[in-house]
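In UniProt numbering, the protein residues as written are 1 to 116. Beta carbons are placed, not taken as given, at the ideal position from N, Cα and C, and that holds for glycine. First up is the structure itself, then whatever we jot down about it.
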């Protein structure tokens with residue numbers, strides 16, 4: 001996993017652009033309206049996303065249409081999946097500890113319980 005993937009998506013404006021492109025191909029002016037920054041800023045962020053492989057551009061007349069490429073997102077998903085078992089195991093242990101605590105409280109008579 002390339003660390004640049006995380007650096008690329010760390011920027012909130014780039015994440016907003018990615019969110020906007022989830023719905024499909026958009027021109028720069030459409031993105032400007034959706035992310036509410038100037039065209040030069042959108043173009044700069046699109047260039048960074050394109051260099052990192054997140055977006056592709058398709059010229060159509062005078063317009064440049066941008067869309068998401070699936071590969072970097074598949075790579076991210078595969079990376080996160082590698083850690084999912086770790087987190088699920090920790091959450092399972094946490095859930096079991098909470099359940100033991102709940103059962104212990106239910107087994108304790110009211111007179112023995114500590115005040116809240």
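Name the two residues that bound the continuous alpha helix (DSSP H) containing residue 103. Residue 103 -> alpha helix (DSSP H) spans 70-107.
Status (buried if at least 16 other CB within 10 Å, exposed otherwise) for residue 6: By the neighbour-count rule (16 or more Cβ atoms within 10 Å), residue 6 is not buried but exposed.
Whose C-alpha, out of 69, 52 and 48, is nearest the C-alpha of residue 58? 69
Quick one: what does DSSP say residue 34 is sitting in, helix, strand or coil? helix
Who are the near neighbours of residue 4 in its chain, counting only those whose CB is closer than 8 Å to its CB and skipping five residues on each side? 52
Please work out which residues of its chain come closer than 8 Å, Cβ to Cβ, to residue 46, disregarding the five sequence neighbours upstream and downstream, and give them in chain order. 17, 28, 31, 55, 57 and 66
Thinking just about the alpha-carbon of each residue, which of 33, 39, 49 and 79 is nearest to the one in residue 11? 49
Could you please give the first and the last residue of the uninterrupted alpha helix (DSSP H) stretch that includes residue 50? DSSP places residue 50 inside the alpha helix (DSSP H), whose first and last residues are 39-51.
Just the C-alpha distance for residue 21 and residue 40, rounded to the nearest angstrom, thanks. 18 Å
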